[in-house]
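Written out below as structure tokens is the structure these notes cover.
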Amino acid sequence: MSASGGTRAIVAALSANLAIAAAKFVAFAFSGSSSMLAEGVHSVADSGNQALLLIGGKKAKRAANDEHPFGYGRERYVYAFLVSIVLFSLGGMFALYEGYEKIRHPHEIEHWYWPVGVLVFAIIAEGTSFRTAVKESNHTRGKLPWTEFIRRAKAPELPVVLLEDFGALIGLALALVGVGLALATDDGVWDGIGTLCIGLLLVTIALVLAAETKSLLIGEGANPESLERIRTAVVDGDTVTGIIHMRTLHLGPEELLVAAKIAVQHDDTATEVARAIDAAEERIRAAEPFARVIYLEPDIYSEQAAAAGPDPDQTPGGR
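In numbering that gives the first Met the number 0, the protein residues as written are 0 to 318.
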């Protein structure tokens with residue numbers, strides 16, 4: 000994912016949510032609908048989340064220094080994880096509490112046209128934002144199913160916006176059903192039930208986001224396609240005859256560290272090995288542009304090393 004594509008999706012979502020939040024609170028003030036209040040808080044939480052993503056993207060651009068020699072790319076993961084916490088606590092838990100209170104103490108919805116009108120407006124606005132996120136995601140998703148794209152994406156912004164917008168659309172539909180049933184039956188309990196469903200939805204999405212961003216925070220390697228490109232690029236069949244073991248780590252969404260112990264011929268000179276390493280680094284960067292930090296350690300290929308497998312703890316000279 001390009002950073003600009005993620006920024007466009009975030010800005011579109013932020014603009015929509017600010018307008019929607021204001022409309023929902025106005026509708027709540029006139030109607031007293033708990034679904035409207037829960038949805039208003041949901042939109043405020045989403046707006047805060049998009050602001051966090053923008054802050055994280057800006058902080059991640061800081062240059063590397065002695066304290067952080069690999070840069071600040073993981074700032075984007077930290078702020079995406081904060082998004083999941085905000086969505087869980089401020090969005091989901093508040094909606095669950097409000098729904099519970101409304102079921103215990105139901106009251107009639109007043110001025111029904113306010114919540115219905117705002118919900119229709121919100122569905123249109125969220126649909127536009129969701130369409131932007133889908134469009135930007137398709138640039139990098141390729142043929143991956145959506146579930147795989149969200150699970151494997153190294154850049155957190157688009158999966159976060161996609162899940163938020165999708166959850167918002169489902170939540171709006173639930174709110175519309177809850178308000179509609181409350182009006183049709185003249186029973187405010189249905190409004191509370193709709194609010195409870197919104198809370199459960201938001202908590203579920205928050206947990207999914209937390210799990211995915213936690214995995215990025217603790218360190219994920221390159222995807223299988225990138226690994227295959229790197230392996231192919233390293234070996235030239237002449238000086239570099241194979242890879243004894245290799246490790247990769249995402250320092251940020253578009254920054255990949257590659258560390259490998261490579262097999263060279265036993266009679267190569269130090270100059271030949273140094274040139275071979277430089278050439279291998281150039282091939283890696285050409286095959287995988289995200290490979291920004293590359294460490295290649297030469298070693299003499301042996302049957303013992305091959306039999307030990309890719310584990311550095313078992314490979315001779317691996318540590």
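Idealized CB from N, CA, C, for every residue including glycine.
Between which two residues does the beta strand (DSSP E) containing residue i stretch?
i, result
"residue 245", "239-251"
"residue 254", "254-263"
"residue 299", "290-299"
What residue range does the alpha helix (DSSP H) around residue i cover?
i, result
"residue 96", "93-103"
"residue 230", "223-233"
"residue 132", "112-140"
"residue 154", "Run containing residue 154: none; DSSP gives neither H nor E here."
"residue 53", "33-58"
"residue 75", "74-85"
"residue 198", "188-217"
"residue 277", "269-286"
When the Cα of residue i is compared with those of the options, which residue comes out closest?
i, options, result
"residue 50", "37, 26 and 82", "82"
"residue 150", "292, 210, 168 and 95", "210"
"residue 237", "255, 279, 222 and 220", "279"
"residue 154", "14, 247, 56 and 34", "56"
"residue 254", "267, 233, 221 and 239", "221"
"residue 198", "224, 89 and 215", "89"
"residue 202", "16, 14 and 41", "41"
"residue 240", "263, 224, 246 and 226", "263"
"residue 46", "152, 60, 16 and 161", "16"
"residue 34", "181, 53 and 145", "181"
"residue 38", "288, 184 and 164", "164"
"residue 7", "66, 60, 188 and 156", "156"
"residue 119", "196, 244 and 172", "172"
"residue 136", "121, 158, 146 and 128", "158"
Going straight from the alpha carbon of residue i to that of residue j, what length do you get?
i, j, result
"residue 91", "residue 73", "26 Å"
"residue 298", "residue 282", "19 Å"
"residue 117", "residue 125", "12 Å"
"residue 170", "residue 25", "18 Å"
"residue 139", "residue 101", "43 Å"
"residue 10", "residue 274", "47 Å"
"residue 223", "residue 247", "11 Å"
"residue 234", "residue 260", "12 Å"
"residue 58", "residue 68", "15 Å"
"residue 143", "residue 123", "27 Å"
"residue 148", "residue 103", "41 Å"
"residue 230", "residue 284", "12 Å"
If we call anything under 7 Å between Cβ atoms a contact, is residue i one with residue j?
i, j, result
"residue 97", "residue 36", "yes"
"residue 290", "residue 228", "no"
"residue 30", "residue 114", "yes"
"residue 76", "residue 250", "no"
"residue 161", "residue 132", "yes"
"residue 193", "residue 177", "yes"
"residue 179", "residue 105", "no"
"residue 292", "residue 256", "yes"
Is any heavy atom in the ligand NAP found nearer than 6 Å to the beta carbon of residue i?
i, result
"residue 292", "The model on display carries no ligand, and the ligand NAP is accordingly not part of it."
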